[in-house]
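Report on the structure given below.
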């Protein structure tokens, strides 16, 4: 399979400081990737290099097999900056039609494309409104609509749910899930729970250097531990019963929150063992408030970045 993005010894330097340094990275089409790292790691710079807004200081980057910003990429990349600006006093529809025309849509075709993306995001009611009258969440949806114009094959999202209330943030995540089969997403976010929820792979960078690029399932080792939040603290007999299950290695209670337990296991049938664990917990009249497989993504990223 041909690579969508290829970086070889990619570096970008501002004065004497490297924002990206000797980065080797391959991204295949059809993925949803999280781009994570501490502030100043180089995430925004990498987005700018991919988009062609910045030129490398050294090394090579190829997007769709060509230099970033090449005419062959027109309409193939959509971007959502963290704080996408909109003009005051000009309707949402008029501004989106302008973006469509910049991608070679004309007249009725531009209008039809704007209607398509507004309907896709279920925000046709915002078409005649002005950006300054919209809520933060509504403006974020309009910004996503702008990124989707032309049906790009690659979409770069910078903190797509930052500042949104839980309902609006969930709506944005659902939009990403609905579209992920149609294009490749690269999502920069500090919300690692969100990255773990919607992404297939994660790219971790620190001080401009690649720390790790892997699938999320491999990173958190979903088939080696189970995390539970219980309705009550785990009784001693329940812990003993769990430890006696075939395949369970250890049962660890969170010292800061005794309602949270982590069960470490080594089993060739992890799904069956998970059912046995839940059955054992419920046998002791405990309710499972939430559960997840594997170490949390947040924990793994923090460990890698600190290391």
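In the numbering used here, the protein residues as written are 184 to 490. All residues carry an ideal CB built from backbone N, CA and C; glycine is no exception.
Write down the C-beta distance between residue i and residue j rounded to the nearest angstrom, noting that I regard them as a contact closer than 8 Å.
i	j	result
residue 217	residue 378	3 Å
residue 201	residue 391	5 Å
residue 464	residue 393	That pair is no contact at about 40 Å.
residue 320	residue 347	5 Å
Between the alpha carbons of residue i and residue j, how many angstroms are there, rounded?
i	j	result
residue 229	residue 220	12 Å
residue 290	residue 311	18 Å
residue 438	residue 267	43 Å
residue 401	residue 479	12 Å
residue 425	residue 409	12 Å
residue 185	residue 197	32 Å
residue 489	residue 260	33 Å
residue 224	residue 325	28 Å
residue 232	residue 239	7 Å
residue 428	residue 418	16 Å
residue 329	residue 467	53 Å
residue 477	residue 265	30 Å
residue 444	residue 344	30 Å
residue 356	residue 305	14 Å
Just reading off the alpha helix (DSSP H) that residue i is part of, what are its end residues?
i	result
residue 338	Note, residue 338: premise wrong, no alpha helix (DSSP H); beta strand (DSSP E) at 337 to 341.
residue 290	290 to 303
residue 468	Taken as a continuous stretch (DSSP letters only), residue 468 belongs to no alpha helix (DSSP H), as it is neither H nor E.
One question on the structure: do residue i and residue j come within less than 8 Å of each other, judged by their Cβ atoms?
i	j	result
residue 442	residue 416	yes
residue 258	residue 296	no
residue 340	residue 371	yes
residue 336	residue 367	yes
residue 358	residue 327	yes
residue 449	residue 475	no
residue 487	residue 364	no
For residue i, report the span of its beta strand (DSSP E) as first-last.
i	result
residue 201	200 to 210
residue 377	It is not in any beta strand (DSSP E) - residue 377 instead sits in the alpha helix (DSSP H) that spans 375 to 381.
Please determine if the stretch 350 to 363 and the stretch 271 to 288 are in contact, where contact requires at least 3 C-beta pairs separated by less than 8 Å. no
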